[in-house]
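*Asks:*
Number of protein chains: 2
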Amino acid sequence: MSGSVRRTTMPSIEIVAKEAGVSTATAGRALGGYGSVSRKSREAVLAAAERLGYRPNSLARSMITGLTHTLGVLVPDIENPFFSRALRGIADAAHERGWEVLLVNTDEDLTLERKALGVLTERRVDGLVVAPTDVADRDALQAVVDAGIPIVLLDRRVPGLDADTVGIDNRVAAKDATERLLALGHRSVALLTGGDEKLRPKLSRPGLRGVERLGATTVGARAAGYRDALVEAGIEPRPELVSAEGFRREDAAAATRRLLALPDPPTAILALDSLLALGVLQALRGLGLRCPVDVSLVAFDDADWAEAISPPLSVVAQPIYELGAEAGRLLLDRVQGSDKRFTHRRLPTRFIERESAAPR
Amino acid sequence: MSGSVRRTTMPSIEIVAKEAGVSTATAGRALGGYGSVSRKSREAVLAAAERLGYRPNSLARSMITGLTHTLGVLVPDIENPFFSRALRGIADAAHERGWEVLLVNTDEDLTLERKALGVLTERRVDGLVVAPTDVADRDALQAVVDAGIPIVLLDRRVPGLDADTVGIDNRVAAKDATERLLALGHRSVALLTGGDEKLRPKLSRPGLRGVERLGATTVGARAAGYRDALVEAGIEPRPELVSAEGFRREDAAAATRRLLALPDPPTAILALDSLLALGVLQALRGLGLRCPVDVSLVAFDDADWAEAISPPLSVVAQPIYELGAEAGRLLLDRVQGSDKRFTHRRLPTRFIERESAAPR
DNA sequence: CACTTGGGTGAGAACGTTCTCAATCTGTGG
DNA sequence: CCACAGATTGAGAACGTTCTCACCCAAGTG
Numbered sequence: 001m002s003g004s005v006r007r008t009t010m011p012s013i014e015i016v017a018k019e020a021g022v023s024t025a026t027a028g029r030a031l032g033g034y035g036s037v038s039r040k041s042r043e044a045v046l047a048a049a050e051r052l053g054y055r056p057n058s059l060a061r062s063m064i065t066g067l068t069h070t071l072g073v074l075v076p077d078i079e080n081p082f083f084s085r086a087l088r089g090i091a092d093a094a095h096e097r098g099w100e101v102l103l104v105n106t107d108e109d110l111t112l113e114r115k116a117l118g119v120l121t122e123r124r125v126d127g128l129v130v131a132p133t134d135v136a137d138r139d140a141l142q143a144v145v146d147a148g149i150p151i152v153l154l155d156r157r158v159p160g161l162d163a164d165t166v167g168i169d170n171r172v173a174a175k176d177a178t179e180r181l182l183a184l185g186h187r188s189v190a191l192l193t194g195g196d197e198k199l200r201p202k203l204s205r206p207g208l209r210g211v212e213r214l215g216a217t218t219v220g221a222r223a224a225g226y227r228d229a230l231v232e233a234g235i236e237p238r239p240e241l242v243s244a245e246g247f248r249r250e251d252a253a254a255a256t257r258r259l260l261a262l263p264d265p266p267t268a269i270l271a272l273d274s275l276l277a278l279g280v281l282q283a284l285r286g287l288g289l290r291c292p293v294d295v296s297l298v299a300f301d302d303a304d305w306a307e308a309i310s311p312p313l314s315v316v317a318q319p320i321y322e323l324g325a326e327a328g329r330l331l332l333d334r335v336q337g338s339d340k341r342f343t344h345r346r347l348p349t350r351f352i353e354r355e356s357a358a359p360r
Numbered sequence: 001m002s003g004s005v006r007r008t009t010m011p012s013i014e015i016v017a018k019e020a021g022v023s024t025a026t027a028g029r030a031l032g033g034y035g036s037v038s039r040k041s042r043e044a045v046l047a048a049a050e051r052l053g054y055r056p057n058s059l060a061r062s063m064i065t066g067l068t069h070t071l072g073v074l075v076p077d078i079e080n081p082f083f084s085r086a087l088r089g090i091a092d093a094a095h096e097r098g099w100e101v102l103l104v105n106t107d108e109d110l111t112l113e114r115k116a117l118g119v120l121t122e123r124r125v126d127g128l129v130v131a132p133t134d135v136a137d138r139d140a141l142q143a144v145v146d147a148g149i150p151i152v153l154l155d156r157r158v159p160g161l162d163a164d165t166v167g168i169d170n171r172v173a174a175k176d177a178t179e180r181l182l183a184l185g186h187r188s189v190a191l192l193t194g195g196d197e198k199l200r201p202k203l204s205r206p207g208l209r210g211v212e213r214l215g216a217t218t219v220g221a222r223a224a225g226y227r228d229a230l231v232e233a234g235i236e237p238r239p240e241l242v243s244a245e246g247f248r249r250e251d252a253a254a255a256t257r258r259l260l261a262l263p264d265p266p267t268a269i270l271a272l273d274s275l276l277a278l279g280v281l282q283a284l285r286g287l288g289l290r291c292p293v294d295v296s297l298v299a300f301d302d303a304d305w306a307e308a309i310s311p312p313l314s315v316v317a318q319p320i321y322e323l324g325a326e327a328g329r330l331l332l333d334r335v336q337g338s339d340k341r342f343t344h345r346r347l348p349t350r351f352i353e354r355e356s357a358a359p360r
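Just so you know, the sequences run in chain order A and B.
For what it's worth, the UniProt record's numbering labels the leading residue of the first sequence as 1, then goes sequentially.
For what it's worth, the UniProt record's numbering labels the leading residue of the second sequence as 1, then goes sequentially.
What follows is the structure, given as structure tokens:
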């Protein structure tokens, strides 16, 4: 392959055995803590190991036991605070039970995601936590499951996949947030989804079928919840108030400027993540408008800055760390042989009322 | 070990060879792309592999090649935006050259860090990027290096360790930031370090030796730079203006309240990371003070919210992603056999002047 | 004394690759 | 037709563990 075969200087169990004057089998037993070994042999082996600085080779161990004690984690972008916090939860759960974490960023890129699935399969990870880029990857994911590697989906769902899922009830959470804005007297509420261009027509004019299909995705479910609240309040959803122009802060800022330039501009905005909310705040500053007196704002995710800025931001807080930890635990249960029916765990969200949403 | 030996259902190269009617050696050559194989054999093997859904076992490959194509990454806390961004840089650099990343959080805990070093050694990672908790871990780190696993230190340094390091010039950056506050007419500048209790006396009354010794750590170097600026400006450093009361936002808020309650309170604050800056902002809000009219604020790290809040925060921006990417590249060079002298790479910082620091 | 029991031991297989080496096949030049 | 270089091939070793199995031995048991 890549040329030079690197010879490590590390002593093998055979060397340790020789040094201790026993067979490799006995040395293995003493070091691995299985089988039965006399006190004398054990002490000789452990002393020899200590002397030589012996470190077991977990690759060889994995070859034979069939367990790598490694969990693969596939997320779009570890820089995203949502995923870095969730990863922390996953990693802690894994560590607690003696597992390590192999991390791959997918960049929301399907090709990359598939390649990563292949690589992690070749590495024989014991299981995978995946925040899939797209439901379109169902087959690739199912292939991994069929190969005997259990998967737990995080945040997003993929219909028809044999996997546990962990997330929140996005539709209900979004509906609740929207209702709170309506209750403050806002009749014209904008939605900033962060999805990409091609999503927008679907979001703004979804047939019933469309909503159902989109309901599978996080953004889609939240958009559906937003619609639910409007419809129940007897307000006709206005497509031009739904913006899906990109995930970056600048995209959100541009979208905000566009929204506020409308003939009948929104008096409140619901942003589907905290980065988008920053874009809104930035745009408001630029326009000389103030939050919440001119425009109310509510965002998903309780970012660390949400409470510290002026005005403190009202948010829909997800239990992100717990989401990750639960995914990790669920996965480890599977790895360790659980064959319960697949569960779809929904953890509760919490609306934190601060000062960015005010009566109209 | 942990009980059940899991038998994977995945076909081995031997099965593929049988299916294709060739020897395992030939199948290996066709699949691995080494040696020479006739067109006919290759096609038969690839077809058989495709048919059986063959996936090479990279554990077996690593056993023989001595390369796991895995980089270990040891950081205090992946949730910290600094480390999650740096990790992104490391991961991208690794991916680009066909490596994967095994991640461990150390929680600033020396015991955990040592255990993690052991685990990663057993996993035979090809190299390690470490943001060490403490210089006290020198021996444990050196042992890993001696075992043949190269290390690159990120952000922090460990004197006397055979390793490359990547970071910024903390002393110069802190001095520059302090000078800018002094240039605005501030004579009473506080420093929020975020270090823990036992650090404070050293920071506030360092003998020359003290400063030198602390210069090895990130916080210490920045504190030294802060002092440098004061001394050069002919201002006597006041120990009570240096606060090291914890890393969390609440700690910073409490420290800020304490500072502002002093008889001769600071008119400007330098916060050593963005989370601490949030604490300051929160405390100011609570006290009914405004930034920058009542208190000026400058912080390290250009957090994503820094530009979006009011007032936009003036910051010392580190090239965090590049720091990580550079560490990754340096490490991969070592893994692939470079034996250049150890380098200590300092990437340039950039002061971004926004609106949180104003004339007194 | 013969017979069982069970702790302790070592030889060698197994895991799934890549590597080494010698043997065979192919085509070319004389 | 022969010699020879080079491509192609397969048997078997190697990597470092754990697992299987047969064996030895001391201590009871009848």
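Where a beta carbon is used, it is the ideal one built from N, C-alpha and C, also for glycine.
Report back the beta-carbon spacing between V144/B and L117/B to the nearest angstrom; my notes put them in contact at under 8 Å.
*Replies:* Walking along the second sequence from the start, residue 144/B turns up at place 144. Walking along the second sequence from the start, residue 117/B turns up at place 117. Yes, V144/B and L117/B are in contact; Cβ-Cβ is about 6 Å, under 8 Å.
*Asks:* Please classify D155/A as buried or exposed, where buried requires at least 16 other C-beta atoms within 10 Å of its C-beta.
*Replies:* Walking along the first sequence from the start, residue 155/A turns up at place 155. Classification of D155/A: buried, given that the 10 Å Cβ count is 16 or more.
*Asks:* So, with DSSP's three-state summary, where would you put I235/B?
*Replies:* The residue labelled residue 235/B in the question sits at position 235 within the second sequence. In the structure shown, I235/B sits in coil (DSSP, three-state: anything other than H, G, I, E or B).
*Asks:* Could you say if the region 221-229 of chain B and the region 167-184 of chain B meet the contact criterion of at least three C-beta pairs nearer than 8 Å?
*Replies:* Touching, per the Cβ criterion.
*Asks:* Output the distance between the C-alpha atoms of I13/B and Q282/A, rounded to the nearest integer angstrom.
*Replies:* Here residue 13/B refers to the residue found at position 13 when the second sequence is read from its first residue. Here residue 282/A refers to the residue found at position 282 when the first sequence is read from its first residue. Rounded to whole angstroms, I13/B to Q282/A spans 57 Å at the Cα level.
*Asks:* Looking at the unbroken beta strand (DSSP E) that takes in N105/B, where does it start and where does it end?
*Replies:* Stepping through the second sequence from its first residue, residue 105/B is reached at position 105. E100 to N105 is the span of the beta strand (DSSP E), which, as asked, contains N105/B.
*Asks:* Taking the alpha-carbon of S41/B as reference, which of A27/B, G32/B, L52/B and R138/B has the nearest alpha-carbon?
*Replies:* Translated into positions along the second sequence, residue 41/B becomes position 41. Minimum Cα distance to S41/B is reached at A27/B.
*Asks:* Taking only runs that begin and end inside the region 300-356 of chain A, name each unbroken alpha helix (DSSP H) of 4 or more residues, in chain order.
*Replies:* Entirely contained in the region 300-356 of chain A, the alpha helix (DSSP H) runs reaching 4 residues are, in chain order, 320-335.
*Asks:* Could you give the C-beta distance for L141/A and V129/A, rounded to a whole number, given that I count them as a contact under 8 Å?
*Replies:* For the purposes of this step, residue 141/A is taken as the residue at position 141 of the first sequence. For the purposes of this step, residue 129/A is taken as the residue at position 129 of the first sequence. With 8 Å as the limit, L141/A and V129/A do not qualify as a contact, their Cβ atoms being about 12 Å apart.
*Asks:* For a minimum of 3 consecutive residues, which ranges assigned as the beta strand (DSSP E) are wholly contained in the UniProt domain "HTH lacI-type" (11-65) of chain B?
*Replies:* As far as the UniProt domain "HTH lacI-type" (11-65) of chain B is concerned, it has no whole beta strand (DSSP E) run of at least 3 residues.
*Asks:* Put residue 361/A into one of helix, strand or coil per three-state DSSP.
*Replies:* Since the displayed chain A opens at 1 and closes at 360, residue 361/A lies outside it and no answer follows.
*Asks:* Cα separation between A261/A and E240/A?
*Replies:* Here residue 261/A corresponds to residue number 261 of the first sequence, with the count starting at 1. Here residue 240/A corresponds to residue number 240 of the first sequence, with the count starting at 1. Answer to the nearest angstrom: the Cα atoms are 11 Å apart.
*Asks:* Along chain A, in chain order, which residues have C-beta atoms closer than 9 Å to that of V298/B?
*Replies:* The residue labelled residue 298/B in the question sits at position 298 within the second sequence. Going along chain A, no residue has its Cβ under 9 Å from V298/B, so there is no contact; the nearest lies around 16 Å.
*Asks:* Compute the distance between the beta-carbons of Q318/A and I168/A, then report whether it is under 7 Å.
*Replies:* For the purposes of this step, residue 318/A is taken as residue 318 along the first sequence, with counting starting at 1. For the purposes of this step, residue 168/A is taken as residue 168 along the first sequence, with counting starting at 1. Closer than 7 Å, so yes.
*Asks:* Anything in chain B within Cβ reach of P150/A, meaning under 9 Å, just list it in chain order.
*Replies:* Against the first sequence, residue 150/A aligns to sequence position 150. Under the 9 Å cutoff, chain B gives no residues; its nearest Cβ is about 11 Å from P150/A.
*Asks:* Between F351/A and R180/A, how many whole angstroms is the CB-CB distance? I'm expecting something under 8 Å.
*Replies:* Looking up residue 351/A in the first sequence gives position 351. Looking up residue 180/A in the first sequence gives position 180. That belief holds up - the Cβ atoms of F351/A and R180/A are roughly 7 Å apart, short of 8 Å.
*Asks:* Would you list, in chain order, the members of the region 161-193 of chain A that have their beta-carbon closer than 9 Å to a beta-carbon of chain B?
*Replies:* Against chain B - using a Cβ distance shorter than 9 Å - the region 161-193 of chain A contributes no residues.
*Asks:* Of all the beta strand (DSSP E) runs that stay within the bounds of the region 73-125 of chain A, which reach a length of 3 or more residues?
*Replies:* 100-105, all fully within the region 73-125 of chain A.
*Asks:* Taking contact to mean at least 3 C-beta pairs separated by less than 8 Å, is the region 283-297 of chain A in contact with the region 242-260 of chain A?
*Replies:* Yes, since at least three Cβ pairs between the region 283-297 of chain A and the region 242-260 of chain A fall closer than 8 Å, the two stretches touch.
*Asks:* So which residues on chain B does Q282/A lean against when the C-beta distance must stay under 8 Å?
*Replies:* Numbered from 1 along the first sequence, position 282 holds the residue referred to as residue 282/A. Chain B residues near Q282/A: E307 and A308.
*Asks:* Counting only Cβ pairs nearer than 9 Å, list the residues of chain B close to T121/A.
*Replies:* Taking the first sequence and counting its residues from 1, one reaches residue 121/A at position 121. Neighbours of T121/A on chain B, chain order: M10 and R55.
*Asks:* Relative to the alpha-carbon of L110/B, which residue among P132/B, L120/B and G127/B has its alpha-carbon at the smallest distance?
*Replies:* Locating residue 110/B in the second sequence gives position 110, where the first residue counts as 1. The shortest C-alpha separation from L110/B is found at P132/B.
*Asks:* If we cut at 7 Å on Cβ distances, does V101/B have a partner in chain A?
*Replies:* Within the second sequence, residue 101/B is the residue found at index 101, counting from 1. Yes, V101/B lies at the interface with chain A (some Cβ there is under 7 Å from its Cβ).
*Asks:* Name, in chain order, the residues that DSSP records as bridge partners for T70/A.
*Replies:* Taking the first sequence and counting its residues from 1, the one referred to as residue 70/A is at position 70. DSSP lists E100/A as partners of T70/A.
*Asks:* What residues from chain A crowd round L275/B, counting only those whose CB sits closer than 7 Å?
*Replies:* For the purposes of this step, residue 275/B is identified with residue 275 of the second sequence, where counting begins at 1. D304, listed in chain order.
*Asks:* A268/A CB to nearest chain B CB: under 7 Å?
*Replies:* The residue labelled residue 268/A in the question sits at position 268 within the first sequence. Taking Cβ atoms only, chain B never reaches closer than 7 Å to A268/A, which makes this a no.
*Asks:* Nearest to A306/A by alpha carbon, out of S274/A, D162/A and F342/A?
*Replies:* Here the question's residue 306/A lines up with position 306 in the first sequence. Of S274/A, D162/A and F342/A, the residue nearest in Cα terms is S274/A.
*Asks:* Starting from I78/A, find everything on chain B with Cβ-Cβ shorter than 8 Å and list it in chain order.
*Replies:* Taking the first sequence and counting its residues from 1, the one referred to as residue 78/A is at position 78. Simply I78, S84, L87, R88 and A91.
*Asks:* Would the region 325-340 of chain B count as touching the region 86-101 of chain B if we require 3 or more Cβ pairs under 8 Å?
*Replies:* Cβ pair count under 8 Å is three or more, so yes.
*Asks:* Strictly under 7 Å for the Cβ-Cβ distance: is S58/A near chain B by that measure?
*Replies:* As a position in the first sequence, residue 58/A is number 58, starting the count at 1. Cβ-Cβ to chain B under 7 Å: yes for S58/A.
*Asks:* Give me, in chain order, the residues of the same chain whose beta-carbon lies closer than 8 Å to that of R334/A; leave out the 5 immediate sequence neighbours on both sides.
*Replies:* Working through the first sequence from its first residue, we reach residue 334/A at position 334. G127, P150, V152 and D164, listed in sequence order.
*Asks:* Taking the continuous alpha helix (DSSP H) assigned at V189/A, which residues delimit it?
*Replies:* Within the first sequence, the letter at position 189 stands for residue 189/A. Unbroken run through V189/A is the beta strand (DSSP E), V189 to L192; no alpha helix (DSSP H).
*Asks:* Indicate the three-state DSSP secondary structure (helix, strand or coil) for G127/A in the structure shown.
*Replies:* As a working mapping, residue 127/A is identified with position 127 in the first sequence. G127/A falls in the strand class under three-state DSSP.
*Asks:* What three-state label does DSSP hand L214/B in the structure shown?
*Replies:* Start at 1 with the first residue of the second sequence, and residue 214/B comes out as number 214. With a pLDDT of only 49 at L214/B, under the threshold of 50, the placement of this residue in the model should not be trusted, and no figure is reported.
*Asks:* Is L230/B helix, strand or coil when you go by DSSP?
*Replies:* Along the second sequence, one-based indexing puts residue 230/B at 230. Helix, per DSSP.
*Asks:* With distance defined between alpha-carbon atoms, name the residue in S58/B, I78/B, R138/B and E236/B nearest to G324/B.
*Replies:* Taking the second sequence and counting its residues from 1, one reaches residue 324/B at position 324. Residue I78/B is the option with its Cα nearest to G324/B.
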